[in-house]
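Inspection log for the structure reproduced underneath, given as structure tokens.
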Amino acid sequence: MEEWERWERRVQTAAHPVAYRLVRAVAARGPVVRVPRVGVVVSDARLAREVLTDAERYTKTGPGAAAALWGPVLGSRVLIALDGAEHAALRRRLGGLFTPGAVAAVCERVLRAPLDGLGRRLAAGERVDLVRVVRDGAAEVIRELVGLPAGGPDFTDAAAVVASLRLWRTTLSGRQTERARAVLVRLSEAAVAAWRAGDESTVPGRLRVLGLDEAEARGAVGLFLLTGTETLVSFVPRLVALAHDTGRGPDAITDALVEEALRVTSPTPVMLRSAARPGRIGGVRVEAGERVVIATLLCTGAYGPFSPDRDPAETTDLRRLWFGAGPHFCLGMPLAMAETRAVVDGLRGFPHLTITDRRPARGVLIPAYARLTLQATGRAGARAKAPSRIPPAPGRGTGTRLRARRPGG
């Protein structure tokens, strides 16, 4: 087993010591397997896409799906709890906040100073925990987006709410629900003020213009607070670690390497749906109300080991399955890519980075490093003259460095 694979397996098993081994064993039995008390587990990419794109038959709002998990905390009028025309309308109206140009502008305003600080610390020979840098930066971006004051309450409690979930649970416990509600009330007070002011540059302000009431706006803000940081905190340090463990510095992180790292790490390891009516998935009978578990990590991992130099045609049919598919394809994907690009650019001037210490996070929902300490061990190279570009679609830019995207593109 290669170095990168050993560490990735440690990250997965630290997060889910039982569930990770279980889903791997389930996948060995076939592409679709019914697991008692878990649901119908799908580990084939083609079948997973069929489920995710058929929103009438497989919904996010039925028993065991995401809405059942988060609805008691966030309410019923948030993207994660809607399907059909209501979901499409709300997504369309929020879309302007997540265009590549809009998120690039947010990242430029919010991340330039902390990433310049990262560069100075590395240039001085300091050891820097990349996990902390990414977590703090992602939190500030979400604060900016949803109208919270810079340097306000940290997201530690919100991260703990997400981390406390387990892959096999279909609902939050009463205690988890009450804790999550309390956390969101505390964090979202400033966002409610933005809603009252009707500031359309923020999520809550735009929601007011769209006709959502205060409680509904608070729920939408809560969704971004709960989900807007942890996937990035999972992916970016693992991306840098994958490059390091395969003999590459940050200056060698290409478009193809980012796409391949997303495939291998799959920061959203599972996706949940509920069968709205009886049917079949890959020949396996599924009853109405049954939970369908898309094992994204296994779907994408079936395409082989980490190999940034592979022919893009080999994985074209995945079409970024790690961000979902169909009407619920991740709305925040451009933001995640912009933040990834910003951090990679912040490291690009240090081609000889060494990982001096790392520790996988234990007992969390989204597999991640708890700590990934970097140190520049060679002479810092010249910084890139232009920011990098994460491509808008897979299979492009293979073998090229990440190139600049003009704001507003």
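Numbering (full-length UniProt numbering), first residue to last: 1 to 409.
Note that the Cβ used here is the ideal one computed from N, Cα and C, for glycine as well.
With a contact defined as Cβ atoms closer than 8 Å, Leu-122 and Leu-374 qualify at about 7 Å. Residues of the same chain with a CB within less than 7 Å of the CB of Phe-329, apart from the 5 flanking positions on each side, are Phe-323 in chain order. In the displayed model, Asp-129 falls within a strand according to three-state DSSP.
When beta bridges are read from the DSSP output, Asp-357 appears opposite Thr-373.
The way I'd put it, the stretch 180 to 190 does touch the stretch 139 to 151; three or more beta-carbon pairs between them come closer than 8 Å. Spanning the alpha carbons of Pro-278 and Leu-353 requires a straight line of approximately 53 Å. Taking C-beta atoms as the reference points, Pro-334 and Val-103 count as a pair closer than 8 Å. A distance of 8 Å or more separates the beta carbons of Pro-31 and Gly-289. Nearest Cα to Val-209 within the set Arg-93, Asp-255, Ala-124, Asp-311: Arg-93.
Distance check between Pro-351 and each of Pro-36, Trp-4, Ile-253, Glu-200 places Ile-253 closest, using alpha-carbon atoms only.
Approximately 7 Å separates the beta-carbon atoms of Arg-263 and Leu-318; this is inside 8 Å, confirming the contact. At the C-beta level, Ala-295 and Ala-27 come within 8 Å of one another. Annotation for Val-26: the continuous alpha helix (DSSP H) segment containing it runs 19 to 29.
Pairing Ala-89 with Gly-249, the inter-Cα distance amounts to about 43 Å.
Inclusion of Thr-265 and Ala-138 in the CB contact set at 8 Å is not warranted, their separation being larger than that value. Ser-234 sits in a helix when the DSSP states are folded into three classes. For Met-333, the enclosing alpha helix (DSSP H) starts and ends at 333 to 347. With distances taken between CA atoms, Glu-2 lies nearest to Leu-242 out of Thr-315, Asp-255, Ala-361, Leu-242.
When DSSP assignments are scanned along the stretch 165 to 199, the uninterrupted stretches of alpha helix (DSSP H) that are 4 or more residues long and fall wholly within it turn out to be 174 to 187, 189 to 197.
Annotation: the continuous beta strand (DSSP E) that includes Gly-39 extends over 39 to 42. Per DSSP, the continuous alpha helix (DSSP H) segment holding Val-110 begins and ends at 100 to 123.
Distances from the CA of Arg-238 to each of Thr-156, Arg-91, Glu-287, Val-134 were compared; the closest alpha carbon is that of Val-134. Under the three-state reduction of DSSP, Arg-34 is assigned to strand.
A distance below 6 Å between beta-carbons, with the five flanking residues on each side excluded, links Arg-49 to the following residues of its chain, in chain order: Ala-325. Cβ contact annotation for Gly-119 (same chain, cutoff 7 Å, sequence separation greater than five): Gly-346, Gly-349, in chain order.
Cα atoms of Cys-299 and Val-343: separation of roughly 28 Å, rounded to the nearest angstrom. At the C-beta level, Leu-365 and Val-162 come within 8 Å of one another. DSSP places Ala-252 outside any alpha helix (DSSP H), giving it a letter other than H or E. Around Arg-77, the same chain offers Leu-212, Glu-216, Gly-219 as residues with beta carbons nearer than 7 Å, after the five sequence neighbours per side are excluded. Note on geometry: alpha-carbon atoms of Ala-66 and Arg-341 lie some 29 Å from one another.
Beta-bridge partners of Val-293 (DSSP): Val-41, Leu-272. The straight-line gap separating the alpha-carbon atoms of Arg-10 and Tyr-369 is approximately 10 Å.
According to DSSP, residue pairing for Arg-280 in a beta bridge involves Arg-285.
Straight-line spacing of the CA atoms in Arg-143 and Glu-108 works out to 14 Å. Here Leu-47 has Pro-31, Val-32, Ile-281, Gly-282 as same chain residues with Cβ atoms under 7 Å from its own Cβ, once five neighbours each way along the sequence are excluded.
Inclusion of Leu-223 and Leu-74 in the CB contact set at 8 Å is warranted, their separation being smaller than that value.
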